[in-house]
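Just so you know, the sequences run in chain order A and B. Per our numbering, the first sequence starts with residue 1, numbered consecutively. Per our numbering, the second sequence starts with residue 1001, numbered consecutively.
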Amino acid sequence: MGKSLFQKVWDAHTVGTIADGRTQLFIGTHLIHEVTSPQAFGMLRDLRLKVKFPQRTFATVDHIVPTINQDAPQDPLAAEMMQALRKNADDFGVTYFDLASGKQGIVHVVGPEQGITQPGTTIACGDSHTATHGAFGAIAFGIGTTQVRDVLATQTLALEELKVRRIEVNGDLAPGVYAKDVILHIIRKLGAKGGIGYAYEYAGDIFDRMSMEERMTVCNMSIEGGARCGYVNPDAKTVAYLNGRPYVDMSDFNATAARWLSFASDADAHFDDIVRINAADIEPTVTWGISPDHGIFISENIPDPAKANTALEKASIEEALAYMKLEAGTPIKGVKINVAFIGSCTNGRISDFREVAKYIQGHHVASGVQALVVPGSQIVAIQCEQEGLPEIFRAAGFEWRGAGCSMCLAMNPDKLVGDQLCASSSNRNFKGRQGSSTGRTILMSPVMVAAAAINGSIADAREIFHMDAPATIA
Amino acid sequence: MALEPVPSVTGLAVFIPGADIDTDRIIPARFMKCVTFDGLGEFAFYDVRFDEHGVKTKHPLNDPRFSKASILVAGVNFGCGSSREHAPQSLRKYGFNGVIAESFAEIFYGNSTTLAMPCVMASPEDIVAIRDAVEADPETEITIDVKALRVRTSGGLDIAVTMPDSAREALLSGRWDPIQELLDNDAAIDAKAAELQYV
């Protein structure tokens, strides 16, 4: 029997077994940012340890960066965190894509665009959305800060091997249905804890046809489905995306590409579970509650606790509806919004902004709605500028900001106030996630966010923008 | 590294209701604007313990009957979401020494074990039984027996719980922080690095 990509990468990186039975796994690439690394460097100093392979750790600053006047945080705590990362990178000899580099951005946008993210590698970062890098056929996952220390000091981690669930989505997506809808649908079907103990392999027509950026959107939210990592097998698109990027060794690119492709799952690979989903069944999906698996199609009504199957489910729906201030059994379409946010490591890449820009010309953000557009990196921002996208967004009433995590997680000035409701292209609708303990989040694709911003309430983008041709997934 | 084995933890308990309690709930992101983990204890569950005016809510952690609790009892998928170690760090610094839940998110689980905070899984029925026992008598003493994989209460409950073998072994042998073992394999690490073409 053949091997899955997960198994091949795991085997290739196994250093040994430690006393408690876990595998000591070599971590080829380590990404760090300002929030979860300072304590790890502090632990290194306490233990008088060095960074074992400084050339395999890459740093950037993203969570606390303001999106207006990026390099001048008014918050002294944020400034201290930036200074700490600068000092740690200098003291330990780690590459740092800082604000002056022109390459700063959300760590999960920077890694791929620099070509640091490569197939057949292991990637760890003190951030749960590290799963994003699985789009390239890497085994990539989030770790805690003590583990950041372990990688810095030894370039290895003590880990339990995961099972592999193959999720096949075949058929055709309807116009206006995006990668974001596919992953929100998968999470809805399998649950927020469905992936615990698993790596997700995304396979089938839909992922084969997706661009690298769409694959990143899908893999990014593996963790919202409970899976610590998710991946797509590398193919010609993966190779073409990486060709010529700064950190790709171009000395014998054909051999490198062949090595990358050799990591793809074998045709007769063993999987611990297989789930099949029909692409044609997926509609534009939005969340209604406080967990990413609280998803419904835009055409559906908000769930009714009276129709719950179990007491636990009933209590869960009631808690979510009370927090969201939504009425059971009513359409999600038409729910008024206050804020719209397009950006984040899920949907802050060039293709996201291009796609939205295609539809918003001639429209304007509804009065009373604040709409933020935040590129995922400085490079994405420059690309957008070269293509004239900021002007299109501004003309339609959106605010065009500097690169960073922005309103995804409330560690910078971009936050909800009071019980504002935000249509958001980010990844988490947890209570308080966007910075107000009563703030409300509805997750959706960037085009659906734009439709909500223009309509002033949750809307079906296919109606607002009169979509009839298939979208980006060719 | 010679660390203290953790064969069991004992203390009073508090039940925190709700499924899918995420790490943003355990420690809101704004409290992560720091370069050490010091002082995180006071912000554990902050946004559900206090309303937007800073007034205490009816959260169980504000209930004086549970003020001495050092064992947290919860539902399914506890600790999901962000990988932030700040979450188990804040629970440890708040005074928790162990967690009993129906299930845990993986990253939170690993982070907690590395901080010598045992996390064990119990059936939904047993979680209800523990909750009822604790709420009927908050002075109920609970023991998480890592060695025997049992949770016992001073009121006579004695239930089977589970945890991964590796976490149990790490706690029992005092190897819950694996850094020394990882460092000891330095030669094997160098050999692996030499073998991997991209490193």
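Beta carbons are placed, not taken as given, at the ideal position from N, Cα and C, and that holds for glycine.
Asked	Found
Residues that DSSP places opposite Arg1145 (chain B) in a beta bridge	In the sequence on display, residue 1145 (chain B) carries Asp and not Arg. Looking at the DSSP assignment, Asp1145 (chain B) forms a beta bridge with B:Ser1008 and B:Arg1150.
Environment of Arg56 (chain A) [buried if 16+ CB atoms lie within 10 Å]	buried
Selection from A:Gly120, A:Thr130 and A:Val94 that minimises the alpha carbon distance to Gly111 (chain A)	A:Thr130
Where Lys431 (chain A) falls: helix, strand or coil (DSSP)	coil
Selected residue, minimal CA-CA separation from Val1048 (chain B), among B:Phe1037, B:Pro1060 and B:Pro1005	B:Pro1060
is_contact[Asp268 (chain A), chain B] using C-beta, thresh 9 Å	no
CB contact below 9 Å: Met81 (chain A) versus chain B	yes
Proximal residues to Val151 (chain A) (C-beta, below 8 Å), its chain only, five neighbours per side dropped	Ile27, His30, Thr57, Ala124, Ile143 and Leu157
Ranges of the beta strand (DSSP E) found wholly within the region 1093 to 1117 of chain B, counting only runs of at least 3	1098 to 1101
Under 9 Å between C-beta atoms of Asp252 (chain A) and Asp208 (chain A)	no
Whole-Å CB distance - Ser1166 (chain B) paired with Pro1005 (chain B), under 8 Å assumed	About 15 Å separates the two Cβ atoms, so there is no contact after all.
Own chain, CB closer than 6 Å to Ala1095 (chain B), minus 5 neighbours either side, in chain order	Contrary to the premise, residue 1095 (chain B) reads as Gly rather than Ala in this sequence. Closer than 6 Å at the Cβ level, and outside the excluded window around Gly1095 (chain B), lie Ser1070.
Short CB-CB distance (under 9 Å) between Thr438 (chain A) and chain B	yes
Proximity below 9 Å, CB of Ser1090 (chain B) to CB of Ile1026 (chain B)	yes
C-beta contact flag for Ala1105 (chain B) and Asn1077 (chain B) at 9 Å	yes
Closest Cα partner of Ala79 (chain A) within the set A:Ser101, A:Asp62, A:Gln155 and A:Val94	A:Asp62
Length of the line joining the Cα atoms of Thr438 (chain A) and Phe1031 (chain B)	17 Å
Status (buried if at least 16 other CB within 10 Å, exposed otherwise) for Asp1024 (chain B)	buried
Close beta carbons around Gly93 (chain A), own chain, < 6 Å, minus the five adjacent residues each side	Pro54
At least 3 beta-carbon pairs within less than 8 Å: the region 318 to 328 of chain A vs the region 373 to 383 of chain A	no
C-alpha distance - Arg228 (chain A) paired with Glu1195 (chain B), whole-angstrom precision	26 Å
Residue interval of the beta strand (DSSP E) (run including Lys163 (chain A))	Lys163 to Asn170
contact_flag[the region 94 to 111 of chain A, the region 1032 to 1052 of chain B] where n(CB pairs < 8 Å) is 3 or more	no
Reference Gln434 (chain A), options A:Ser445, A:Met444 and A:Gln420, closest by Cα	A:Gln420
Presumed contact (8 Å Cβ cut-off) between Lys1093 (chain B) and Met81 (chain A), rounded CB distance	No, Lys1093 (chain B) and Met81 (chain A) are not in contact; Cβ-Cβ is about 20 Å, not under 8 Å.
Touching by the beta-carbon criterion (3+ pairs, under 8 Å), the region 1146 to 1157 of chain B and the region 1127 to 1138 of chain B	yes
Assigned secondary structure, Pro331 (chain A) (DSSP; H/G/I helix, E/B strand, else coil)	strand
For Glu1042 (chain B), the nearest candidate out of B:Ala1087, B:Val1073 and B:Ile1107 (CA to CA)	B:Ala1087
Cutoff 6 Å; reference Val1099 (chain B); Cβ partners in own chain excluding five residues on either side	Leu1072 and Cys1119
For Asn338 (chain A), three-class secondary structure by DSSP	coil
Own chain residues within Cβ distance below 8 Å of Cys422 (chain A), not counting five before or after	Ile337, Asn338, Val339, Ala340, Phe341, Met407, Leu416, Gln434, Gly439, Arg440, Thr441 and Ile442
Alpha helix (DSSP H) runs wholly inside the region 207 to 253 of chain A, at least 4 long, in chain order	212 to 220 and 236 to 242
Test: Phe430 (chain A) CB closer than 9 Å to a CB of chain B	yes
Sub-9 Å separation of Leu162 (chain A) and Arg22 (chain A) beta-carbons	no
As assigned by DSSP and simplified to three states, the class of Leu159 (chain A)	strand
Alpha-carbon spacing of Tyr1109 (chain B) relative to Glu1141 (chain B), whole angstroms	23 Å
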